[in-house]
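A.B. asks: The structure's right below; bear with me while I get my questions together.
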Amino acid sequence: MVREQKVLDLCITVPTFFKCPISLDVMKSPVSLCTGITYDRSSIQRWLDDGNNTCPATMQTLHSKDIVPNRTLHSLIQIWTDSVHHRVNPPVSPSKEQVLQAITELTDSNGLNLNRFGLITKVNRFAQDSDQNKGFLAKLDGFVALMVSLLDNVDGSVEFLEQILTALGFVLEKIEDREELKNRLLKGNNKKCLDSFVLVLQRGSNNSRIAAARVLKFIAIDAESELLIGENEALITELLNLSTPEKEKDPKLIENCLACLVSISKPKRNKMKLVKIGAMKILSKLLTESNISVAVVEKALKLVETASSTSEGRKEICEDATCVAAILNKVLKVSNVATEHSVTTLWSVCYLFRDQKAQEAVTQANGLTKILLLIQSNCSPHVRQMCMDLLKIFRVNSKSCLSSYDTKTSHIMPF
1 MVREQKVLDL CITVPTFFKC PISLDVMKSP VSLCTGITYD RSSIQRWLDD
51 GNNTCPATMQ TLHSKDIVPN RTLHSLIQIW TDSVHHRVNP PVSPSKEQVL
101 QAITELTDSN GLNLNRFGLI TKVNRFAQDS DQNKGFLAKL DGFVALMVSL
151 LDNVDGSVEF LEQILTALGF VLEKIEDREE LKNRLLKGNN KKCLDSFVLV
201 LQRGSNNSRI AAARVLKFIA IDAESELLIG ENEALITELL NLSTPEKEKD
251 PKLIENCLAC LVSISKPKRN KMKLVKIGAM KILSKLLTES NISVAVVEKA
301 LKLVETASST SEGRKEICED ATCVAAILNK VLKVSNVATE HSVTTLWSVC
351 YLFRDQKAQE AVTQANGLTK ILLLIQSNCS PHVRQMCMDL LKIFRVNSKS
401 CLSSYDTKTS HIMPF
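For the sequence shown, this note's numbering begins at 1 and goes up steadily by one.
In structure tokens form, the structure reads like this:
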């Protein structure tokens, strides 16, 4: 171990604060003295056992010889050490024969094999290695069925569930029969599958959560599957919670969770459930964030548009002036898709349902100017017609307003 450490030190630059000030080796068990200086436990203990009552680095007299574990530094050293070993000894991708043997053992174990975590990890290493390997697994007779059965009959190990969903995530794009996967996950005797998704969304890593959201979106192929997924309120709640910017900072996780929610939000029952569990507050907060991607904005606006087709959703939107202003703010600023979702929502609440609060919020946010600019831009006929409808609501003579406004905005480039 000492020799291996010396070899690593020669080949790889070790962060200075990972080294013990006494031994100059990477600390295995960092502990801190009352002076705030951290040492490796064995080195400082020898120093103190020799009768010294000073801090070796500062030579200050110690008013206490108590040592406190530095757990944060210990974690950082462990992460760094693991990455070093991974670079020095990268894992070898298993062969096709080894993977087939692992799958056979998983099939025969009936959930009792204590090494099944290692077996599924081996399968995932194989899948991760190439698209060809992913295709091999997707077309392997019984592989998808095995993954679903393991997802349904697991003993509660979140880590194992994560590996199963990761495996399904790897082969999704290679699966030709989405209907079969949908039926296996949502129908028949597989009653615990969606609960397993909930567990991973609650306690899994970001990567496994993304895999879970991708699998759910993949099987949401019709009204039946959308309703079956939507019946699990805990599942919808977790997807929504993971879309909150301050809860999860990974933009890919937010994007995939929103994409999944968009895919299941078409049935009225699901729309109402989203509104009921607080989707509008989270979406409003998302839309007021400055550092979010175009994809996230588009999906958040699509969900807001979807909610605006229900009376409950419109009520939430119209009672939140901040939300209306945030929607209006995305017009002409993000993308054509975002603009269309925004205008459709504003048209729904202001023109179709004539909500006075929403109209006032649009007026206060200088919405009329945005609408006029949009009409003059290269927008679609559908969007232009909705803008004309909105002008009528605000009692503006669109022709005279456009002609007088045109000279003031002729320098503005079309969107």
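Virtual Cβ for every residue (Gly too), placed ideally from N, Cα, C.
Bridge partners for Ser-32 per DSSP, in chain order?
C.D. replies: In the DSSP assignment, Ser-32 is bridged to Thr-38 and Val-68.
A.B. asks: Among Leu-199, Gln-132, Ile-44 and Glu-298, which residue has its Cα nearest to the Cα of Gln-163?
C.D. replies: Leu-199
A.B. asks: Less than 8 Å between the CB atoms is what I'm expecting for Leu-258 and Ser-265, so what's the real figure, rounded?
C.D. replies: Leu-258 to Ser-265, Cβ: 10 Å. No contact.
A.B. asks: DSSP three-state call for Lys-19: helix, strand or coil?
C.D. replies: strand
A.B. asks: Span of the alpha helix (DSSP H) holding Asp-222?
C.D. replies: Asp-222 -> no alpha helix (DSSP H), and no H or E assigned at all.
A.B. asks: How would you write the range of the alpha helix (DSSP H) that Asp-131 sits in, first residue to last?
C.D. replies: First-last of the alpha helix (DSSP H) with Asp-131: 131 to 139.
A.B. asks: Just curious, the alpha helix (DSSP H) that Val-362 is in, first and last residue?
C.D. replies: Counting along the chain, the alpha helix (DSSP H) containing Val-362 begins and ends at 356 to 364.
A.B. asks: Who are the Cβ neighbours of Thr-61 in its own chain at under 7 Å, not counting the five residues just before and after it?
C.D. replies: Asn-53 and Thr-54
A.B. asks: Beta-carbon within less than 7 Å of Pro-94's beta-carbon, same chain only, minus the 5 sequence neighbours each way: which residues are those?
C.D. replies: Lys-122, Arg-125 and Phe-126
A.B. asks: In chain order, what residues of the same chain lie with their CB nearer than 6 Å to the CB of His-341, ignoring the 5 residues before and after it?
C.D. replies: Leu-301, Lys-302 and Glu-305
A.B. asks: Skipping 5 residues on each side, what residues in its chain have a beta carbon closer than 8 Å to that of Val-296?
C.D. replies: Pro-251, Ile-254, Glu-255, Leu-258 and Leu-286
A.B. asks: Buried or exposed: Lys-268, going by 16 or more other Cβ atoms within 10 Å of its Cβ?
C.D. replies: exposed
A.B. asks: Three Cβ pairs or more, each shorter than 8 Å: is that satisfied between the segment 354 to 371 and the segment 319 to 326?
C.D. replies: yes
A.B. asks: Please list, in chain order, all residues of the same chain as Cys-387 whose beta carbon is under 6 Å from its beta carbon, the five residues on each side excluded.
C.D. replies: If we look at Cys-387 and ignore the five residues flanking it on each side, its Cβ neighbours are Ile-371, Leu-374 and Ile-375.
A.B. asks: In chain order, what residues of the same chain have a beta carbon less than 6 Å from the beta carbon of Ile-37, not counting five sequence neighbours either side?
C.D. replies: Cys-55 and Ala-57
A.B. asks: Straight-line CA distance for Arg-184 to Asp-195?
C.D. replies: 14 Å
A.B. asks: Between Asn-378, Cys-379, Lys-28 and Trp-347, which has its C-alpha nearest Lys-392's C-alpha?
C.D. replies: Trp-347
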